[in-house]
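Worksheet for the structure shown next.
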């Protein structure tokens, strides 16, 4: 299995956990690293909130030794705030990533995320500002364009490379697609062929077979797994095993995985209980008796009750 590099960092596995809001907290990232992800990304954090040293934003930047190397992802549109946030991250992360791809209206209406896909000069300015104050590699994640008639990713990727970005992750969907339809791996391949920095492919890597297909179809340096990792950090073990041996690795019991997540959730104090219940819906999706279990988990009011409920359904 090949390694890949970003700056001075070498990763044992060419797999990455995608930054996902409400999912990629410190506990989940530690699990993803344990089960084989080469690089894990935080939930995206508002650069303006960090620049103002907002308490919740600062809490979102926490990392653990077990997950290093780790990438903290920023989003925003105010260059001064982005620059200051990058400076404040220097002793908290190994890589600073920037989001040019979030399709959420709450983000794009502020001029951030995928709203920047039509602004190559501002994209270049943002990355250049980050690189100017960062001793850590600066990377970006972007979509391929606003819609199928406005594919801008090649121009944007070259812009961030010229501004000093150390790697680029490309989600093969447009803003208009959101998360529907099929990711365009052909365009990801074109980006890889045009770039002199590592390219990470994202979109439709739903299992170990698709991971191998993406490598073969695009030649990317690494693959990024998003929604398929929700509730199943063990997917990275399966991908790594398949890439190494060509054979499938049996799936680990998802209830056992969730117990492990609950223990980590308790270890890293300060995470919201509502998030634990959301994670419960991910980890229990598709298992036998999932419907009554998820209803029962929705009614629990404490970690103790959650563990008792899980044990009853596991027996």
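In this note's numbering, the protein residues as written are -18 to 296.
Cβ atoms here follow ideal geometry from the backbone N, Cα and C, with glycine treated the same way.
Since this is a predicted model, take the numbers as computed values, not measurements.
Asked: For residue 254 and residue 228, the rounded distance between their alpha carbons; Found: 38 Å
Asked: Limits of the beta strand (DSSP E) - the one that residue -2 falls within; Found: -4 to -2
Asked: DSSP beta-bridge partners of residue 131; Found: 128
Asked: Residue 52 - partner residues in DSSP beta bridges; Found: 22 and 76
Asked: Those residues which DSSP pairs with residue -13 across a bridge; Found: -10
Asked: Which of helix, strand or coil DSSP assigns to residue 99; Found: helix
Asked: Closest residue to residue 193 among 219, 272 and 112 (Cα-Cα distance); Found: 219
Asked: Where residue 105 falls, given that 16 or more other Cβ within 10 Å makes a residue buried; Found: buried
Asked: Test item: CB-CB of residue 89 and residue 62 under 8 Å; Found: no
Asked: Three-way DSSP call (helix, strand, coil) for residue 206 in this model; Found: strand
Asked: Proximal residues to residue 2 (C-beta, below 7 Å), its chain only, five neighbours per side dropped; Found: 24 and 25
Asked: Spatial neighbours of residue 176 in its chain, beta-carbon cut-off 8 Å, leaving aside the 5 residues before and after; Found: 138, 139, 142 and 149
Asked: Per-residue burial, residue 292 [other beta carbons within 10 Å of its own, 16 or more giving buried]; Found: exposed
Asked: Cβ contact check for the segment 44 to 55 and the segment 89 to 98: 3 or more pairs under 8 Å; Found: no
Asked: Euclidean distance between Cα positions of residue 6 and residue 207; Found: 14 Å
Asked: Closest residue to residue 239 among 213, 230, 181 and 197 (Cα-Cα distance); Found: 213
Asked: Identity of the residue in 112, 74, 110 and 83 nearest residue 98 by Cα; Found: 83
Asked: contact_flag[the segment 34 to 51, the segment 231 to 238] where n(CB pairs < 8 Å) is 3 or more; Found: no
Asked: Local Cβ density within 10 Å of residue 161, reported as buried at 16 or more and exposed below that; Found: exposed
Asked: Cα-Cα separation, residue 278 to residue 261; Found: 7 Å
Asked: Chain-order list of residues whose beta-carbon lies under 6 Å from that of residue 4 (same chain, five-residue window excluded); Found: 211
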